[in-house]
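Let me begin by presenting the structure, written as structure tokens, before commenting on it.
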RNA sequence: GGCGCUGUGGCCGAGUGGCUAGGCAGAGGUCUGCAAAACCUUUUACAGCGGUUCGAAUCCGCUCAGCGCCUCCA
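In the working numbering, the protein residues as written are 241 to 739.
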């Protein structure tokens, strides 16, 4: 029995509002699409949280044996600054302000995005398509929608006819909106006269004479609407129906609702089996966002230069911090919480290190411990399989950490377990920490010279202790501590760690 | 206004109709020359008011507080 058969995955589907057992459309293969960033400025920590959450989902699916094609787009055109039809293209605007080519802006922030993800140990995706690379396909889909009577052209722009679509399909089923209410609420803008209804959205926009980003189309020169790219690219690389579509909660409406309408409208098929949405990162209870001015940039966090932080925190500490909450809950970002997370992270990684150097020594098997250990191993899978509950998984990992420490001190002998169970415990413990949760040891110094110097100092301290010169031995210990090098004595000898 | 979510111990944060979440912090102990680390033990809880139930923090209703989406946002 394979892992994925032994431990079925249940996940919360936004579409049904319920937890459902995960069954991919094609056995063994999983197609997953996540809405990526609009690359017109630096990604902030809130953005990172979403990509981190889906990184763990991606990792776990692979860990239990699925072959996953993970597609995450780069939005490099069509995402407008304010109202869906009135604003300026975000990238075009930035390019204008900085007097650069739009593609220079795109490249700059795409590079930054990749750098940031790498620092957080977020795996690269299988395919990372961009909107401008799929203009042809987008034009094709617009044409299909026009042909089916679900879109109409006005003055070189094309809009999706939501009320017409809603006659045969349910527009609003993902977000729980009703079309009548949508018609009533919200703002009415003066120059919306091109659209038949205010809830219609742009599939293709005519480019004004000064607009730099423009492509020829059957309706004149223009550029694609924002919602279209995800539908087109997910269809192209994952098929008309695929397994998982993810993104931040704030994309449910209108973005994902529009995606469904475009897919169903053009292909007649339901595009996504499971919709997964990651909740927001908050600061003092409020959503972190650029417009509110409360967003943190990764580099401000690492360096500790943000005014709300007392010190810097490493990417792995932040990763650990985020994994302590469930992806579907809001998570509040604070100095105190990060300090606590930093200590917890260190404890876990110390346990990880301990686990790498534990010899198995045959002994009488303790049946109770053997059973409990197997339950802990199961617990890792059951918790991850329960809607990717990383918080509970971490709790189990901490229980195993205690065991590892007990093995090290000899409180519990490794041989109280069968060799088989012991080996599996160690391997799952390590696998969940590194492969599933994607935590890794911080770049410890691999500097042989420094290590050698510390060894010399530790020997000197040992000599001083034997000579009962505690003044000297404590001075060595304290001075090293001030440099961030902590000496740890135990019966087996002295070890050190570098903060 | 519409739709939806949240309210857990000093802090963060899981979870659930009856059985220890976990991390951080606090207390006591083991170890140590003293510490640190590690280990063991341990205190503090489910916003308020009603209801359902043998039993609710967990289900239902109301109240209060806060948040999200309905404009761009991961």
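Note that CB positions come from ideal geometry on N, CA and C, so glycine has one too.
The structure presented is a predicted model; accordingly, all values stated were derived computationally and were not measured.
With a threshold of 7 Å (Cβ to nearest heavy atom), would residue 569 be considered close to the ligand GTP?
Only the bare structure without any ligand can be found here, which leaves the ligand GTP out of the picture.
Note down the Cα distance separating residue 344 from residue 541, rounded to an integer number of angstroms.
26 Å
Spatial neighbours of residue 383 within its chain, please: C-beta separation below 8 Å, excluding the five flanking residues on both sides.
458
Drop a sphere of 10 angstroms on the beta-carbon of residue 740, count the other beta-carbons inside from all chains shown, and report buried for 16 or more, exposed for fewer.
Given a span of 241 to 739 for the chain in the structure shown, any question on residue 740 remains unanswerable.
State yes or no: is the C-beta of residue 467 within less than 8 Å of the C-beta of residue 488?
no
Mapping DSSP to helix, strand and coil, what is residue 710?
Residue 710: helix per DSSP, three-state reduction.
Go ahead and pull the three-state DSSP assignment for residue 639.
helix
Measuring alpha carbon to alpha carbon, tell me which residue in 284, 395 and 393 is nearest residue 349.
284
Three-state class that DSSP yields for residue 725 in the structure shown
strand
Residue 295 versus residue 697 - alpha carbon distance:
42 Å
Enumerate, from N- to C-terminal direction, the unbroken alpha helix (DSSP H) stretches of 4 or more residues contained entirely within the stretch 465 to 508.
466 to 478 and 497 to 507
When you compare the stretch 626 to 645 with the stretch 249 to 258, are there three or more beta-carbon pairs, one atom per stretch, that lie closer than 8 Å?
yes
With a Cβ-Cβ cutoff of 8 Å, do residue 477 and residue 364 count as a contact?
no
Residue nearest to residue 539 in terms of C-alpha spacing, selected from 479, 548, 555 and 635:
The shortest C-alpha separation from residue 539 is found at 555.
Compute the distance between the beta-carbons of residue 560 and residue 598, then report whether it is under 8 Å.
no
From residue 287 to residue 570, what distance separates their C-alpha atoms?
Spanning the two alpha carbons is a distance of roughly 13 Å.
For residue 272, the residue or residues it bridges with in DSSP:
310 and 484
For residue 454, which residues from the same chain have a beta carbon less than 7 Å from its beta carbon, with the 5 sequence-adjacent residues on both sides left out?
447, 461, 462 and 463
Given residue 634, which residues of its chain have a CB within under 7 Å of its CB, disregarding the five upstream and five downstream residues?
563 and 564
Quick check on residue 298: buried or exposed, where buried means 16 or more other Cβ atoms within 10 Å of its Cβ?
buried
Only counting the same chain, and skipping five residues up and downstream in sequence, which positions put a Cβ closer than 6 Å to that of residue 431?
At residue 431 the pLDDT is 49, less than 50, meaning the model places this residue with poor confidence and gives no usable figure here.
Between which two residues does the beta strand (DSSP E) harbouring residue 258 extend?
Note, residue 258: beta strand (DSSP E), 258 to 261.
Touch test, the stretch 523 to 531 against the stretch 572 to 580, Cβ-Cβ under 8 Å, three pairs minimum:
Touching, yes, given that three or more Cβ pairs across the two stretches are closer than 8 Å.
Where residue 652 sits in the DSSP three-state scheme
coil
Return the chain-ordered list of same chain residues with a C-beta closer than 6 Å to the C-beta of residue 303, the five sequence neighbours on each side being excluded.
675 and 676
What are the boundary residues of the alpha helix (DSSP H) that includes residue 400?
No alpha helix (DSSP H) contains residue 400, which is instead part of the beta strand (DSSP E) from 397 to 400.
Sort out for me which residues DSSP pairs residue 738 with in a bridge.
725
Our contact map puts residue 514 next to residue 260 with C-beta atoms below 8 Å; I'd like the distance itself, whole angstroms only.
Sure, about 7 Å apart at Cβ, within 8 Å.
Within a Cβ cutoff of 8 Å, which residues of the same chain sit near residue 725, ignoring the five residues on either side of it in sequence?
Excluding the 5 residues flanking it on each side, residue 725 has same chain C-beta neighbours closer than 8 Å at 694, 736, 737, 738 and 739, in chain order.
With the cut-off set at 8 Å, would you say residue 481 and residue 265 are in Cβ contact?
yes
C-alpha gap between residue 441 and residue 521, whole angstroms:
28 Å
Straight-line gap, residue 336 to residue 307 (C-alpha atoms, nearest Å):
43 Å
Quick one: measure Cβ to Cβ for residue 218 and residue 276, integer angstroms, because I've assumed they're closer than 8 Å.
Nothing can be reported for residue 218, as the shown portion of the chain is limited to 241 through 739.
How should residue 301 be labelled, buried or exposed, when 16 other C-beta atoms within 10 angstroms of its C-beta is the threshold for buried?
The residue in question, residue 301, is buried, as its Cβ has 16 or more Cβ neighbours within 10 Å.
I'd like to know whether the C-beta atoms of residue 437 and residue 472 end up nearer to each other than 8 Å.
No. Outside cutoff.
Buried or exposed for residue 499, please, with buried defined as at least 16 other CB atoms from any protein chain shown within 10 angstroms of its CB.
buried
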